[in-house]
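Everything below concerns the one structure shown next.
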Amino acid sequence: MPKNEADSKFVLGLRYSHWDKQGYFWNVPHYPGNLEMIQSYFGNRIAEIIIHEQLDINPDLITSSPKLNKNEVLVLKTNTKRLKLIFGHVPALSKALKTIPYHRWDSKNKWWTVPYSEQFLAEIKQKIEELSLILRYEEEPKAEERVQKVTPYDIPNYRTCPEEYKMKLIELRYSEKTIKVYAPLFEEFINFYPTHDIKTIDEPMIIRFVRFLVTERKVSINYQNLAINAIKFYYERVLGGQRKFYFIDRPRKEKTLPAVLSTEEVTMILKGTQNLKHRAILMTIYSAGLRIGEVINLKIKDIDSQRMQIRIEQAKGKKDRYTLLSPKTLDILRHYFKEYHPQEWLFEGQIAGEKYSVRSIQNIFGAAVEKAGIKKDVSVHTLRHSFATHLLENGTDLRYIQNLLGHESSKTTEIYTHITTKGFDQIKSPLDKLDI
9 MPKNEADSKF VLGLRYSHWD KQGYFWNVPH YPGNLEMIQS YFGNRIAEII
59 IHEQLDINPD LITSSPKLNK NEVLVLKTNT KRLKLIFGHV PALSKALKTI
109 PYHRWDSKNK WWTVPYSEQF LAEIKQKIEE LSLILRYEEE PKAEERVQKV
159 TPYDIPNYRT CPEEYKMKLI ELRYSEKTIK VYAPLFEEFI NFYPTHDIKT
209 IDEPMIIRFV RFLVTERKVS INYQNLAINA IKFYYERVLG GQRKFYFIDR
259 PRKEKTLPAV LSTEEVTMIL KGTQNLKHRA ILMTIYSAGL RIGEVINLKI
309 KDIDSQRMQI RIEQAKGKKD RYTLLSPKTL DILRHYFKEY HPQEWLFEGQ
359 IAGEKYSVRS IQNIFGAAVE KAGIKKDVSV HTLRHSFATH LLENGTDLRY
409 IQNLLGHESS KTTEIYTHIT TKGFDQIKSP LDKLDI
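Be aware that the sequence shown starts at 9, since it is given in this note's numbering, and climbs by one per residue.
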């Protein structure tokens with residue numbers, strides 16, 4: 009259509025519409041309301057209506073296996089933090105891949121995938137070299153532009169999450185974090201069908217929304233599963249309906265390994281943090297293996313300097329636990345206490361009596377990582393992963409680490425056995441043995 013500010017503003021107001029910069033056209037998803045609004049607005053200016061049906065294609069199957077020579081191995085680093093390996097009939101290499109945790113064989117596409125880590129990649133390269141195979145290493149290009157989540161500013165008559173939904177979450181004692189996740193997810197769902205009574209939305213409509221999340225919004229597997237749970241909560245718990253299985257293909261969550269900082273990197277982060285309160289917060293998180301939500305909920309009474317323990321109340325899974333109170337952490341906490349005089353919460357924000365915010369801690373950590381010159385993709389939670397990994401490398405029994413972290417299952421804690429570099433530094437490439 010000819011460039012017109014009023015027309016562009018109208019199209020922009022349609023649900024999930026976006027401008028395709030390369031094709032130089034507007035892309036508008038076809039679902040209830042959009043077509044009718046377009047016909048009403050443009051009237052006889054419309055020359056022809058052509059509706060393009062969305063093909064139901066599994067994005068993982070779009071890329072076919074590339075052609076390889078008999079002795080070539082393609083190792084592709086994917087955007088899901090896994091390594092995809094494509095090669096011919098090499099039993100020895102397949103056997104080696106089976107020793108890597110969370111390996112997976114795709115029988116349909118005939119390729120292997122394993123979690124990405126520098127350690128696993130090095131082991132794979134070494135095995136390929138031992139077998140006299142040729143390595144082709146590539147990285148998957150970044151995902152294409154996706155439809156953005158709609159906001160109250162994007163569409164008229166935006167519907168907020170029903171109060172009864174939030175109240176039921178509170179009534180059933182769901183955590184504050186879960187409420188903050190579920191409410192916006194359900195809000196996105198009900199604004200996908202803006203003209204429908206929420207109670208009348210049926211199963212096919214739910215499935216259609218989830219497919220939209222995958223094909224148009226290109227959300228992560230975790231986001232997709234959370235959205236399904238948020239929708240199910242309304243129809244099963246708020247409305248009191250029967251528990252029901254919706255015929256929605258829940259994707260298998262990709263098994264990935266968490267990033268971990270070395271002891272030297274943790275030292276640089278802590279030494280580079282000069283502000284007393286900021287340093288005390290980061291030291292407490294790392295030294296005790298805390299989640300970010302746990303550190304902001306710490307109260308002064310939770311610090312037991314006699315037993316050298318920190319009490320974590322109502323952590324993930326509504327469970328209490330005790331973890332370590334490091335002498336160095338206790339020392340900096342005493343200095344911090346004398347200077348800042350917190351009242352109830354151990355770490356207070358700018359307003360006395362209010363606990364520190366998650367966002368502030370994330371900003372503190374981000375600035376410290378940047379100052380230390382660390383290029384890894386890390387977050388505050390990486391300090392917790394690093395705590396566990398460093399304990400394991402120092403010989404601490406896995407059962408004690410499980411208790412300190414508050415893991416219900418030992419399988420969750422066992423992931424750190426796949427991250428540790430203990431012994432890995434003893435592996436030598438066969439190239440180093442050659443007299444060259």
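Using N, Cα and C, we set each Cβ at its ideal position, and we do this for glycine too.
Local Cβ density within 10 Å of residue i, reported as buried at 16 or more and exposed below that
i, result
"isoleucine 136", "buried"
"alanine 376", "buried"
"alanine 235", "buried"
"isoleucine 409", "buried"
"histidine 97", "exposed"
"tyrosine 161", "exposed"
"threonine 390", "buried"
"alanine 3", "The structure shown does not extend to residue 3, since the chain is modelled only from 9 through 444, so no value can be given for it."
"threonine 404", "exposed"
"tryptophan 120", "buried"
"glutamate 179", "exposed"
"threonine 203", "exposed"
"glutamate 347", "exposed"
"asparagine 66", "In this prediction, asparagine 66 scores a pLDDT of 40, lower than 50, which makes its location untrustworthy; no coordinate-derived value is stated."
"histidine 349", "exposed"
"isoleucine 308", "exposed"
"arginine 225", "buried"
"serine 313", "exposed"
"phenylalanine 33", "exposed"
"threonine 281", "buried"
"glutamate 126", "exposed"
"alanine 238", "buried"
Residue i in three-state terms, based on DSSP
i, result
"asparagine 411", "helix"
"aspartate 3", "Residue 3 lies beyond the stretch modelled for the chain, which goes from 9 to 444, so this question has no answer here."
"asparagine 230", "helix"
"isoleucine 359", "coil"
"leucine 439", "Residue placement at leucine 439 is flagged as unreliable, the pLDDT there being 48, under the threshold of 50; the coordinate-derived value follows with that caveat. Helix."
"asparagine 237", "helix"
"asparagine 35", "strand"
"glutamate 61", "Below a pLDDT of 50, predicted positions are generally treated as unreliable, and glutamate 61, at 48, falls in that range; the measurement from the model is reported next regardless. Coil."
Identified DSSP bridge partners for residue i
i, result
"tyrosine 145", "Val83"
"valine 122", "Leu91"
"threonine 331", "Ile318"
"isoleucine 311", "Ile318"
"arginine 112", "Thr121"
Beta-carbon proximity list for residue i, same chain, < 7 Å, skipping 5 on both sides
i, result
"threonine 271", "His398"
"histidine 415", "Thr421"
"glutamate 147", "Lys85"
"phenylalanine 241", "Tyr190"
"glutamate 61", "Per-residue confidence for glutamate 61 stands at a pLDDT of 48, beneath the threshold of 50, marking its modelled position as unreliable; the derived number appears in the next sentence. There are no such residues."
"glutamate 172", "Val246"
"lysine 75", "none"
"leucine 129", "Leu91"
"leucine 284", "His343, Tyr344, Glu347"
"phenylalanine 217", "Phe197, Phe200"
Whole-number beta carbon distance between residue j and residue i, since they are thought to touch under 8 Å
i, j, result
"arginine 392", "glycine 297", "5 Å"
"tyrosine 364", "glutamate 352", "12 Å between Cβ atoms; not a contact."
"leucine 141", "valine 122", "Not really, about 17 Å apart at Cβ, beyond 8 Å."
"alanine 396", "tyrosine 424", "5 Å"
"threonine 337", "serine 295", "4 Å"
"arginine 144", "leucine 82", "5 Å"
"histidine 286", "isoleucine 359", "Going by Cβ atoms, the distance from histidine 286 to isoleucine 359 rounds to 17 Å, so no, they are not a contact pair."
"isoleucine 340", "methionine 291", "6 Å"
"isoleucine 293", "valine 388", "7 Å"
"leucine 269", "serine 394", "4 Å"
Cβ shell of residue i (< 8 Å), same chain only, five flanking positions each side left out
i, result
"leucine 221", "Val227, Tyr231, Gln232, Ala235"
"isoleucine 289", "Val303, Phe355, Tyr364, Ile369, Ile372"
"alanine 174", "With the sequence shown as reference, residue 174 is identified as lysine, and alanine is not the correct amino acid for it. Correct list, in chain order: Ile187, Ala191."
Cutoff 6 Å; reference residue i; Cβ partners in own chain excluding five residues on either side
i, result
"glutamine 317", "Tyr330, Leu333"
"glutamate 273", "Ile382"
"phenylalanine 18", "Tyr49"
"lysine 384", "Ala267"
"arginine 167", "Ile198, Asn199"
"valine 366", "Ile300"
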